[in-house]
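Some notes on the structure that comes next.
Protein chains: 2
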Amino acid sequence: MKVEILTIGDEVVRGEIVDSNKALIAQRLLELDLECQYQVSLRDDPADMKAAFELAIQRSDLVIVSGGLGPTRDDITTEVLAETLGREIQLDEDSLETMRLFFARVGREMAETNRKQAFFPTEADILANPEGTAPGFSVEEKGTVFFCLPGVPRELTRMLDEQVFPRIEARLDSAGEVVRIRTRMLRTFGMGESTLEKELSGIARDGDVELAFRTSFPDNFLRVMARGSSIEEADRKIDSVAKQIRERLGDLIYGEGTDPMEAVVGRLLTEGGQTVAVAESCTGGGIAQKLTAIPGSSGYFLGGVVAYSNEVKKSLLGVPGALLEEHGAVSAPVAQAMAEGIRERLGSDFGVATTGISGPGGGSAEKPVGLVYVAISQAGSGPSSPDFIHVERFEFPVDRPRHQTLTIQTALDWLRRRMLGLEIVGPGLLRKTGGGSTPSSVTVS
Amino acid sequence: MKVEILTIGDEVVRGEIVDSNKALIAQRLLELDLECQYQVSLRDDPADMKAAFELAIQRSDLVIVSGGLGPTRDDITTEVLAETLGREIQLDEDSLETMRLFFARVGREMAETNRKQAFFPTEADILANPEGTAPGFSVEEKGTVFFCLPGVPRELTRMLDEQVFPRIEARLDSAGEVVRIRTRMLRTFGMGESTLEKELSGIARDGDVELAFRTSFPDNFLRVMARGSSIEEADRKIDSVAKQIRERLGDLIYGEGTDPMEAVVGRLLTEGGQTVAVAESCTGGGIAQKLTAIPGSSGYFLGGVVAYSNEVKKSLLGVPGALLEEHGAVSAPVAQAMAEGIRERLGSDFGVATTGISGPGGGSAEKPVGLVYVAISQAGSGPSSPDFIHVERFEFPVDRPRHQTLTIQTALDWLRRRMLGLEIVGPGLLRKTGGGSTPSSVTVS
């Protein structure tokens with residue numbers, strides 16, 4: 001089945017917005033094992049649109065059109081497609097009524113211009129839009145099926161799920177072509193993409209299972225996709241491959257699906273009934289910000305200090321002035337004193353701290369830009385379980401925003417590792433790809 | 001001049017990445033008054049690519065191609081375009097030498113596969129790529145000019161600037177068609193997009209000047225674009241329209257260009273030789289994180305406290321326990337005590353504080369989700385200039401991430417307003433569009 005995606009709108013073609021609808025639709029189509037062949041974006045121009053519709057009828061079996069269904073005079077998808085197919089457009093009374101009810105529900109008056117959104121080409125299959133005013137529609141011509149949908153991502157997404165995919169599946173089923181696709185996302189932190197690829201070589205070599213890599217700095221995601229004649233079969237294949245991946249990567253995988261590191265850490269803290277406090281210098285509040293982005297974080301995050309100046313390190317964290325003078329603010333002893341200081345002052349189970357030089361300025365020969373110390377401290381529970389501290393030195397040769405991001409994720413990963421009883425290790429992603437990191441560490445437990 | 005953009009790569013068409021190159025190129029072309037007519041994305045497939053190149057020769061005058069110039073066997077743009085045009089490909093010794101030097105400079109060995117990147121169609125105009133290994137090239141066929149560029153955004157951007165635009169400008173110049181376009185971005189915070197549009201109605205109605213609105217929550221940007229026969233003329237038109245806009249919007253415009261609010265605040269603090277400290281509850285470190293994202297912020301940002309629990313509000317900020325008991329943590333008196341507490345403890349000129357309920361949980365009838373207090377405190381300079389405090393209550397009926405973002409921006413905007421001697425007002429964007437915010441404020445100065 002040859003698949004094409006058309007998005008329509010001046011704002012897209014002029015580059016005023018980055019059109020993510022094409023990627024959204026293409027990615028969802030993969031779930032039905034349908035690989036998009038062309039993505040085309042057009043202005044709200046009748047001649048351009050007509051030419052594109054004609055080309056699509058010629059070369060594609062399935063065409064998803066997004067945009068141009070709005071109430072303004074720029075929105076001409078329905079008219080132009082009808083004209084291309086030599087069809088009339090006609091009012092659908094049911095759609096008009098649904099639209100009236102929609103406006104009544106949101107308490108707005110329906111403008112006269114909205115009326116045109118209830119017109120469709122003859123023989124169109126109307127697609128309900130519970131999120132907005134413009135219904136979509138589907139028409140078939142010479143074996144090519146068009147699905148015309150609004151450009152608003154929220155409306156588009158829901159209509160793909162509820163209206164478009166069931167219809168495509170029914171077609172594939174009746175053609176005996178249905179293949180079930182299941183995907184799973186494994187989230188990793190700490191290893192570079194090229195190293196990951198090497199570590200996983202030979203896995204998912206079977207054509208029915210695909211393994212894709214995606215970098216979302218500082219994480220790397222593994223997307224496992226399996227085909228089967230049933231969902232159960234596809235799931236079995238994914239389980240088998242995921243198991244092989246876990247055997248090779250172990251604790252580099254911090255989670256699955258859409259939960260970021262801070263959500264995983266939050267869940268572990270909640271489960272363990274433990275609390276955390278942070279003392280941040282170079283990350284400037286970024287660890288606190290990540291932790292508190294998660295709803296319910298007030299249950300385990302007590303608070304923190306952003307100690308940018310030495311004065312604050314002394315006054316709010318109790319870092320001894322002598323330590324700052326002897327070793328400097330960016331040093332292992334100061335990182336340790338910060339992590340322990342915040343933990344003791346706030347009475348939390350864990351304390352994490354960062355101190356470093358994110359750049360671009362502020363470096364020296366001895367303490368270059370990129371240098372950072374991360375520390376984690378855990379309160380002991382008695383004489384047989386003393387306090388735990390781990391401090392490590394890194395050089396992350398990346399720009400300021402990435403330096404902060406990478407340091408934040410390292411600190412969060414250490415919380416995860418400590419709670420799971422794993423070894424506390426820093427990210428190898430820059431080490432293994434020759435980035436020049438020179439870690440050294442101190443563990444006292 | 002009919003313009004088309006082609007991007008090539010399986011990862012784009014499958015939706016594995018959102019391709020922002022098309023928007024990037026289209027937006028830049030507008031600066032030369034060239035409006036893109038088609039945007040097409042293709043797989044790394046010779047037949048699809050050949051068909052697209054042929055169609056482009058037929059319908060477009062200028063074709064910008066991005067992607068498919070890499071060293072792997074998937075990268076076939078050069079070969080397929082040469083074949084489409086009936087040309088040979090030939091080695092360019094200079095490019096090979098430049099590539100060898102590039103690898104030597106970054107200390108990596110040049111792989112044999114990179115050699116193919118030094119081959120070009122006959123009669124190609126080679127485009128230098130100082131950021132990477134793959135040079136681009138330009139070829140002309142039947143009046144259609146192709147510019148083939150790499151897909152890496154950093155490389156693409158620099159090559160557009162240095163290689164592509166000068167060549168296009170020279171063509172437009174020699175055809176006597178040159179129109180100079182200048183754009184300016186005005187950054188606003190505090191008013192909704194629809195209200196802004198109303199306030200600015202009648203401005204830039206002349207066809208030579210365009211005014212576009214873009215929302216980047218919680219900011220709204222105004223993009224003024226002017227055409228002229230010279231840069232000076234276009235600039236004059238922009239100046240005139242920008243002046244009219246400033247007369248209507250006044251201090252809602254916090255900056256121009258690419259600098260975010262935290263950069264503007266940082267510049268004002270630096271210029272005034274003043275310092276700031278923050279006490280954050282519901283924003284969870286987000287204000288500190290924004291401020292410290294700016295290089296050089298250690299010159300004016302002393303630090304802060306993320307006071308998520310009441311204990312921390314008492315111990316690190318000195319908020320009286322009685323105040324917390326009487327009014328609750330989310331209250332005007334506590335916000336005030338936090339702002340003053342952090343300022344006094346860290347000895348800064350300014351203190352800002354936030355306390356609220358970002359949700360989704362934690363609300364009550366009296367203190368609903370969305371409620372937030374923002375406070376700003378400034379140290380007085382003597383008996384004739386006492387301490388300044390301003391606290392305001394807002395209800396922002398938005399989800400947790402937007403609640404935090406909006407609160408952070410409000411606090412930063414207050415720093416800006418205070419330093420500029422402007423009235424301290426909260427964002428009206430949700431008030432004016434009927435979002436149900438009910439602000440009330442206390443100012444003591």
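Here the protein sequences come in this chain order: V and A. Terminal number for the first sequence in this note's numbering: 445, no gaps in between. Terminal number for the second sequence in this note's numbering: 445, no gaps in between. Positions of the beta carbon are idealized from the N, C-alpha and C atoms, including for glycine.
Query raised in the report: Given that A:T355 touches chain V, what residues does it touch there, using C-beta distances under 7 Å?
Result: On the second sequence, residue 355 of chain A is found 355 positions in, with the first residue counted as 1. Within chain V, no C-beta atom comes nearer than 7 Å to that of A:T355; the closest sits roughly 12 Å away.
Query raised in the report: Do three or more CB pairs link the segment 122-142 of chain V to the segment 80-92 of chain V at distances below 8 Å?
Result: Yes, they touch.
Requested in this report: For the segment 187-213 of chain A, enumerate the residues whose C-beta is nearer than 8 Å to any C-beta of chain V, in chain order.
Outcome: Residues passing the 8 Å Cβ filter: A212.
Query raised in the report: By the criterion of Cβ-Cβ separation under 9 Å, what are the contact partners of V:Q37 in chain A?
Result: As a working mapping, residue 37 of chain V is identified with position 37 in the first sequence. The answer, in chain order, is V13, L42, R43, D45 and D48.
Query raised in the report: From the DSSP output, which residues share a beta bridge with A:N21?
Result: Here residue 21 of chain A is taken as the residue at index 21 of the second sequence, counted from 1. Paired residue(s): none; A:N21 is not in a bridge.
Query raised in the report: Going by other Cβ atoms of all chains shown within 10 Å of its Cβ, with 16 needed for buried, is V:A111 buried or exposed?
Result: In the first sequence, counting from the first residue as 1, residue 111 of chain V sits at position 111. Exposed is the call here.
Query - Residue of V:E344, V:E271, V:S315 and V:L172 minimising C-alpha distance to V:L302 - result: As a first step, residue 302 of chain V is located in the first sequence; it is residue number 302 there, counting from the start. Shortest Cα-Cα distance from V:L302 to any of V:E344, V:E271, V:S315 and V:L172 involves V:E344.
Query raised in the report: Ordered along the chain, which non-local residues of its own chain (more than five positions away) have a Cβ less than 7 Å from that of V:D219?
Result: As a first step, residue 219 of chain V is located in the first sequence; it is residue number 219 there, counting from the start. Around V:D219: R187, T188 and F189.
Query - Continuous beta strand (DSSP E) assignments of at least 3 residues falling wholly in the segment 78-145 of chain A - result: With a minimum length of 3 residues, the continuous beta strand (DSSP E) runs that stay inside the segment 78-145 of chain A are 89-91, 119-121, 125-127 and 136-141.
Report task. Go through its chain and collect everything with a Cβ distance to V:P150's Cβ below 8 Å, but skip five positions before and after it. Result -> Position 150 of the first sequence, counted from the first residue, corresponds to residue 150 of chain V. Cβ neighbours of V:P150 beyond the five flanking positions: S66, G67, L69, G70, N129, G132, A134, G136, L156 and M159.
Report task. Please state if the CB of A:R59 and the CB of A:V13 are separated by a distance shorter than 8 Å. Result -> Working through the second sequence from its first residue, we reach residue 13 of chain A at position 13. Working through the second sequence from its first residue, we reach residue 59 of chain A at position 59. Against a cut-off of 8 Å, the Cβ pair of A:R59 and A:V13 comes out as no contact.
Requested in this report: For A:P401, go through chain V and note every residue whose CB falls closer than 9 Å to its CB, in chain order.
Outcome: As a first step, residue 401 of chain A is located in the second sequence; it is residue number 401 there, counting from the start. Residues of chain V whose Cβ lies closer than 9 Å to the Cβ of A:P401 are, in chain order, A293.
Report task. Take V:D349 and list the residues in its own chain whose beta-carbon comes closer than 6 Å to its own, dropping the five residues that flank it on each side. Result -> Position 349 of the first sequence, counted from the start, is the residue given in the question as residue 349 of chain V. In its chain, beyond the 5 residues on either side, Q274, T275 and A379 have a beta carbon closer than 6 Å to the beta carbon of V:D349.
**Report entry** Close beta carbons around V:G363, own chain, < 6 Å, minus the five adjacent residues each side
**Finding:** Along the first sequence, one-based indexing puts residue 363 of chain V at 363. Non-local beta-carbon contacts of V:G363 in its own chain, meaning distances under 6 Å to residues more than five positions away in sequence, involve I357 and V369 in chain order.
Query raised in the report: Cβ of A:V334 within 8 Å of Cβ of A:H327?
Result: If you number the second sequence from 1, residue 334 of chain A lands on position 334. If you number the second sequence from 1, residue 327 of chain A lands on position 327. A:V334 is a Cβ neighbour of A:H327, given a cutoff of 8 Å.
Query - Extent of the continuous beta strand (DSSP E) run through A:G228 - result: By one-based count along the second sequence, residue 228 of chain A stands at place 228. From DSSP, the beta strand (DSSP E) with A:G228 extends over D219 to G228.
Query raised in the report: What do you reckon, are the CB atoms on V:E31 and V:I181 nearer than 8 Å?
Result: Against the first sequence, residue 31 of chain V aligns to sequence position 31. Against the first sequence, residue 181 of chain V aligns to sequence position 181. V:E31 places its beta carbon less than 8 Å from that of V:I181.
Query raised in the report: Any C-beta of chain V sitting closer than 8 Å to the C-beta of A:K22?
Result: On the second sequence, position 22 is the one that residue 22 of chain A refers to. So yes, A:K22 belongs to the interface.
Query raised in the report: Exposed or buried, A:E4, counting other C-beta atoms within 10 Å across all chains shown (16 or more means buried)?
Result: In the second sequence, residue 4 of chain A corresponds to position 4, counting from 1. Burial call: buried.
Report task. Please report the Cβ distance between V:V265 and V:L412, rounded to the nearest whole angstrom; I am assuming they are in contact, meaning their Cβ atoms lie under 8 Å. Result -> Walking along the first sequence from the start, residue 265 of chain V turns up at place 265. Walking along the first sequence from the start, residue 412 of chain V turns up at place 412. At roughly 5 Å, the Cβ-Cβ gap stays under 8 Å, so V:V265 and V:L412 are in contact.
Query - Inter-residue Cα distance where the pair is V:F53 and V:T283 - result: Position 53 of the first sequence, counting from 1, holds the residue named residue 53 of chain V. Position 283 of the first sequence, counting from 1, holds the residue named residue 283 of chain V. Rounded to the nearest angstrom, the two C-alpha atoms are 52 Å apart.
Query raised in the report: Mapping DSSP to helix, strand and coil, what is A:T72?
Result: Taking the first residue of the second sequence as 1, we reach residue 72 of chain A at position 72. In this structure, A:T72 counts as coil in the three-state DSSP scheme.
Query raised in the report: For V:S20, which residues of its own chain have a beta-carbon under 8 Å away from its beta-carbon, when the five flanking residues on both sides are left out?
Result: In the first sequence, residue 20 of chain V corresponds to position 20, counting from 1. Excluding sequence neighbours, V:S20 sits near P153.
Query raised in the report: Quick one: does V:R158 have its CB under 8 Å from some CB of chain A?
Result: Sequence index remark: in the first sequence, residue 158 of chain V carries index 158 (1-based). Chain A contact via Cβ: absent.
Query - Buried or exposed (CB count within 10 angstroms, at least 16 for buried), V:S440 - result: Along the first sequence, read from residue 1 onward, the residue named residue 440 of chain V stands at position 440. With a pLDDT of only 48 at V:S440, under 50, the local geometry of the prediction cannot be trusted, and no value is derived from it.
Report task. Can you give me the Cβ contacts of A:G286 inside the same chain, cut-off strictly under 6 Å, excluding the 5 residues immediately before and after it? Result -> Indexing the second sequence from 1 puts residue 286 of chain A at position 286. By the criterion of a C-beta distance shorter than 6 Å, A:G286 is surrounded in its chain by Q404 and I408, once the five residues flanking it on both sides are discounted.
Query raised in the report: If V:A339 sits next to V:S377, beta carbons under 8 Å apart, how far is it from one beta carbon to the other, in whole angstroms?
Result: The sequence position of residue 339 of chain V within the first sequence is 339, counting from 1. The sequence position of residue 377 of chain V within the first sequence is 377, counting from 1. The beta carbons of V:A339 and V:S377 sit about 4 Å from each other, so the pair counts as a contact at 8 Å.
Query raised in the report: Based on Cα-Cα distance, which residue from V:G304, V:L222 and V:D206 lies nearest to V:V195?
Result: Start at 1 with the first residue of the first sequence, and residue 195 of chain V comes out as number 195. Rather than Val, the amino acid found at residue 195 of chain V in this sequence is Thr. Checking every option, the nearest Cα to that of V:T195 belongs to V:L222.
Requested in this report: Label V:T84 either buried or exposed according to how many other C-beta atoms from any shown protein chain fall within 10 Å of its C-beta, with 16 as the threshold for buried.
Outcome: In the first sequence, residue 84 of chain V corresponds to position 84, counting from 1. It is buried - the Cβ of V:T84 has at least 16 other Cβ atoms within 10 Å.
Query - Residue(s) in a DSSP beta bridge with A:R214 - result: Here the question's residue 214 of chain A lines up with position 214 in the second sequence. Looking at the DSSP assignment, A:R214 forms a beta bridge with A:F221.
Query raised in the report: Using Cβ-Cβ distances below 9 Å, what residues of the segment 303-336 of chain A are close to chain V?
Result: Answer set for the segment 303-336 of chain A: G303, G304, V305, V306, A307, Y308, S309, E311, V312, K313, S315 and L316.
Query - Cβ of A:E16 within 8 Å of any chain V Cβ - result: As a first step, residue 16 of chain A is located in the second sequence; it is residue number 16 there, counting from the start. For A:E16, a Cβ of chain V is located within less than 8 Å of the residue's own Cβ.
Query raised in the report: To which residues does DSSP link V:I64 through a beta bridge?
Result: The sequence position of residue 64 of chain V within the first sequence is 64, counting from 1. V:I64 pairs with V:I5 and V:F147.
Report task. Answer yes or no: does any C-beta atom of chain V fall closer than 8 Å to that of A:Q58? Result -> The residue labelled residue 58 of chain A in the question sits at position 58 within the second sequence. Cβ-Cβ to chain V under 8 Å: no for A:Q58.
Query raised in the report: Grouping DSSP H, G and I as helix and E and B as strand, with all else coil, what is A:T258?
Result: What you label residue 258 of chain A is simply residue 258 of the second sequence in a count that begins at 1. Looking at A:T258 - three-state DSSP - the assignment turns out to be coil, as it is neither helix nor strand.
Query raised in the report: Looking at the C-beta of A:P150, does it have a partner C-beta in chain V at a distance below 8 Å?
Result: For the purposes of this step, residue 150 of chain A is taken as the residue at position 150 of the second sequence. Chain V, which has no Cβ nearer than 8 Å to the Cβ of A:P150, makes this no.
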